[in-house]
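2 protein chains.
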Amino acid sequence: MPKVVDHHERRTLIADALLRVAARDGLEAVSLRHVATEAGVTSGMVQHYFRTKDEMMQFALGVVRERNEARITAAVTRLGPTPAPRDFLQAVLAGLLPLDDASRADGLVALAFLAYAAVRPEAGASLRQDAPQMVAYIADQIRTAQAAGAARTGVDSESAATGLLAVTEGLGMYLLTAQTTPEKALKTLDAHLAFVFSAS
Amino acid sequence: MPKVVDHHERRTLIADALLRVAARDGLEAVSLRHVATEAGVTSGMVQHYFRTKDEMMQFALGVVRERNEARITAAVTRLGPTPAPRDFLQAVLAGLLPLDDASRADGLVALAFLAYAAVRPEAGASLRQDAPQMVAYIADQIRTAQAAGAARTGVDSESAATGLLAVTEGLGMYLLTAQTTPEKALKTLDAHLAFVFSAS
DNA sequence: CGCGTTACATTGCAGTCGCAACGTAAAACG
DNA sequence: CGTTTTACGTTGCGACTGCAATGTAACGCG
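Here the protein sequences come in this chain order: A and B. Letter by letter, the first sequence follows residues -5 to 194 of this note's numbering. Letter by letter, the second sequence follows residues -5 to 194 of this note's numbering.
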C-alpha cells in the first residue's frame, strides 16, 4: 500500500468543500469537478473516495446533521446541569436558529437538501430520523414543567412540543430568506415560550 | 401575422408543465426540453415564449404565488362575512398548509424555489414581498380580538402574528417531508391558536 | 394580391455533466 | 527485493444542457 490515509478524514475534507460550494452557489452547482476544485484536489481523487455523486451527497448530508447535533449539544452543555425546562428549551431552540454566518450557511445547505430529498425518498429518510425523539424530548420537558405548575395545563404536551419545533423551523426559514431579523425571531420565539410556560 | 394567440395563456401552459416536472422530479430536472416534452410542444416554442430559462423560472414562480394567493382568498370567502378573528385565522392558516395532493405539489415546488432563490437574491425578492402585509394583517386581527377580550393581552401582537405564520410554515415543511400527519398538524395549529386566543 | 410580421420547428454548437478506463507512483508485506 | 495493493492523476466518451441561428408556414394589413 502507499501512504496510509485516513479515509474518513479525506471524505470529510471533500464533503466540507461540497458544503462550501452548496452554500455559495446552491446545490445545483455541486458537481464532481467543482467540488474537487474547491477542495483543491483532482476530480479523480473525489471519485476515488466516492464511487458515485449520490454517495458523496449522502455523506455530506450526514455531515450537516452531525454539525446541527453538535450545535445543540453545545448549547445544552453551556447551560449547566439541571436547568429549568423553559431556559433549557430556549437554549436548544435558539441554538437551532441560523443566527450567525456559520449556522446560516449550514441552514442554506440544509434547505437545499430538503428540497433535494423531497423527490428522493431514500435520501429523505436520513433527514426524518431524529425528529420524533426531538418531539418526545421536548414534550417531556413540558410535562415536567406542567407537573411543577410552571406551564399551562390542559394542553397536549405533544402538540405543544410540535408547535415549538415548528415555530423554530419556520423562523429559521424566515431568517434564511431574510424575511425577518435575528432580534425579531428571538422575540417571537420567546413570546411563544411565554405562551407555553405560563399559569393556566 | 399568423394565428392570433394569447401570449399569457401559452406562457401559463408552459409554466404549468414546468411545475409538474418540478413537483415530480425536482427543480434540477427542469430543462427546456423536459418542460417542452411535458407540455407536449417543441423546445423551439418554449424558447419563443421565454427568451431565457431564468425568465421562464421567474414566470413559473409567479404562477405559484398566484395559486397560493387564490387558495387563501378562497378559504376566506368560504368563511362568509365578519367571522371571528380566531375562526378567520384558523381558516387562513389551515389554507396555507399542504394538506391535499394539489397543494402538496405546489408546496414541494415552492420549497424547491425557496432553495433556488436563496442563492439568487434577485429571484428571492419575489418571494419576500407579501410576507410583511401578511404579518400586519394577522397582527391586526389579534389586536381586534385583544380589544374584545377574546385574546390574551400583554403580548406583542406582531410577535404573536409572526409566531402564527412561523408555526404554519414549519408545519408545512413537516408535512412536505412526511415528518407529521395532516391530523397532527391541524391539532398543533389549533393548540397554538388556543394559546393566543385565551383569557389572559 | 403581395408583403411583412409573427408563430412556431429544426438543427447545431460549445460547454458541462457523471463516470469508466487506464496509467503511475509509492509503500506495506512476503 | 520483488510483488501486490492502494492512492491517486489523466483522459475521454456519451449524454445532456442553454441558446443562437435558420427555416418555414400562416395570417393580418395595405
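All residues carry an ideal CB built from backbone N, CA and C; glycine is no exception.
Check: Met167/A at chain B interface by Cβ criterion, 9 Å; Outcome: yes
Check: Element boundaries [alpha helix (DSSP H), containing Asp100/B]; Outcome: Asp95 to Ala112
Check: Burial state of Asp124/B, where buried means 16 or more other Cβ atoms lie within 10 Å; Outcome: exposed
Check: Ser37/B, enclosing alpha helix (DSSP H) - first and last residue; Outcome: Ser37 to Tyr43
Check: Interfacial residues, the stretch 170 to 193 of chain B to chain A, with Cβ spacing under 9 Å; Outcome: Leu170, Thr171, Ala172, Gln173, Thr174, Lys178, Ala179, Lys181, Thr182, Leu183, Asp184, Ala185, His186, Ala188, Phe189, Val190 and Ser192
Check: Length of the line joining the Cα atoms of Ser97/A and Leu91/A; Outcome: 8 Å
Check: Glu32/B to Val15/B span [Cα, whole Å]; Outcome: 7 Å
Check: Any C-beta of chain B under 9 Å from that of Arg18/A; Outcome: yes
Check: Under the three-state DSSP convention, the category Phe189/A falls into; Outcome: helix
Check: Minimum Cβ-Cβ distance from Leu13/A to chain B less than 9 Å; Outcome: no
Check: Ala112/A and Leu170/B closer than 9 Å at C-beta; Outcome: yes
Check: Under 9 Å (Cβ pairs) to chain A, residues found in the stretch 112 to 127 of chain B; Outcome: Ala112, Val113, Arg114, Pro115, Gly118, Leu121, Arg122, Ala125 and Pro126
Check: Cβ distance (whole Å) where Leu108/B is taken to contact Val57/B below 8 Å; Outcome: Actually they are not in contact, since the Cβ atoms of Leu108/B and Val57/B sit about 15 Å apart, beyond 8 Å.
Check: Endpoints, alpha helix (DSSP H) assigned at Ser120/B; Outcome: Pro115 to Arg122
Check: CB contact below 9 Å: Thr156/B versus chain A; Outcome: yes
Check: Through-space distance from Ala104/B to Glu49/A, alpha-carbon basis; Outcome: 26 Å
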